[in-house]
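Each remark here refers to the structure printed beneath this line.
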Amino acid sequence: MALTPTNYSSARCALKGVPRVKVETASKCGFKTVDGNRVVCGEPAYVRATVAGSLNRLIGELKKLVEEGKVKYIGLFEASPSTLRRAHAVHPITAVQLEWSLRSRDVKEEKLFDRVNAMASKKGCTPSQLALSWVHHQGNDVCPIPGTTKIENLEQNIGALSVELSTEDMAELESIASADPVKGDRYGPGITTWQNSDTPPLSTWKTA
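Number 140 in full-length UniProt numbering belongs to position 140 of the sequence shown; there are no gaps in the numbering.
Below, the structure is given as structure tokens:
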């Protein structure tokens, strides 16, 4: 969950009445709006202000927040291998969020829907459930993060957990997704992915 007031307000309403001990929140930050434009920001003061108002790539500051008990785990969003290694050397990184699905793999795509829809029909599920199941079957260390705006979508997403995929099914989905080069980018200009998100050396950061 991105660290924004509206996200936390929505989560608070949705979880009202649920015992606090049963809830853990995974949050991320690193963007802020400046003069109407969305910009990347990983400054220590911004990270602390974001956490206090409710983490980011400046791992040293996040490590302090863990030690203070304000943050339980640290994860990165669209981090490059170099950034991940540098961060992990400062403090263990628990999770890395990357966009990974049948459609978004930064390398491959074709007109997927017809073939995916045909397999979904055979499985008795929706195409979106099949796509989520594909991610879920990648391993115990991979967790799907589906977009959900309605209760019925949430229920459908949960239903993806019951979709079983055999080795043959996974191979077929791989062949579908790898048949053609991807057209277009996942994000607009100014939004980086793991492929181009190396953080600058710490020596270049200005400290307050």
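All C-beta atoms in this analysis are idealised placements derived from N, C-alpha and C, irrespective of residue type, glycine included.
Quiz item: Skipping 5 residues on each side, what residues in its chain have a beta carbon closer than 6 Å to that of residue 165?
Solution: For this step, residue 165 is matched to residue 165 along the sequence shown. For residue 165, where only same-chain residues beyond five positions count, the Cβ hits under 6 Å are 133 and 137.
Quiz item: Which two residues bound the contiguous beta strand (DSSP E) that contains residue 75?
Solution: Stepping through the sequence shown from its first residue, residue 75 is reached at position 75. Its beta strand (DSSP E) spans residues 75-77.
Quiz item: Along the chain, where does the alpha helix (DSSP H) that runs through residue 252 open and close?
Solution: The structure shown does not extend to residue 252, since the chain is modelled only from 1 to 208, so the question has no answer here.
Quiz item: Okay, do the segment 80-92 and the segment 9-20 touch, 3+ Cβ pairs below 8 Å being the bar?
Solution: no
Self-check item: Of the residues 69, 203, 131 and 20, the one placed nearest residue 160, counting alpha carbons only
Solution: The residue given as residue 160 occupies position 160 in the sequence shown. Of the candidates 69, 203, 131 and 20, the one whose C-alpha sits nearest the C-alpha of residue 160 is 131.
Quiz prompt | CB of residue 218 within 8 Å of CB of residue 91, strictly | solution = Here the chain covers residues 1 to 208 and nothing more, so residue 218 does not appear.
Self-check item: Separation of residue 127 from residue 94, as counted between CA atoms
Solution: By one-based count along the sequence shown, residue 94 stands at place 94. By one-based count along the sequence shown, residue 127 stands at place 127. About 30 Å.
Self-check item: residue 74 versus 68, 85 and 62, residue with shortest Cα-Cα distance
Solution: Along the sequence shown, read from residue 1 onward, the residue named residue 74 stands at position 74. Comparing Cα positions, the closest option is 62.
Quiz item: When you compare only the Cα positions, how much space is there between residue 117 and residue 168?
Solution: Start at 1 with the first residue of the sequence shown, and residue 117 comes out as number 117. Start at 1 with the first residue of the sequence shown, and residue 168 comes out as number 168. Near 17 Å, if we compare the C-alpha coordinates of residue 168 and residue 117.
Practice problem: Any chance you could list the beta strand (DSSP E) runs of at least 3 consecutive residues sitting entirely within the segment 26-71, in chain order? | Solution: The DSSP assignment places complete beta strand (DSSP E) segments of no fewer than 3 residues inside the segment 26-71 at 31-34 and 37-40, in order along the chain.
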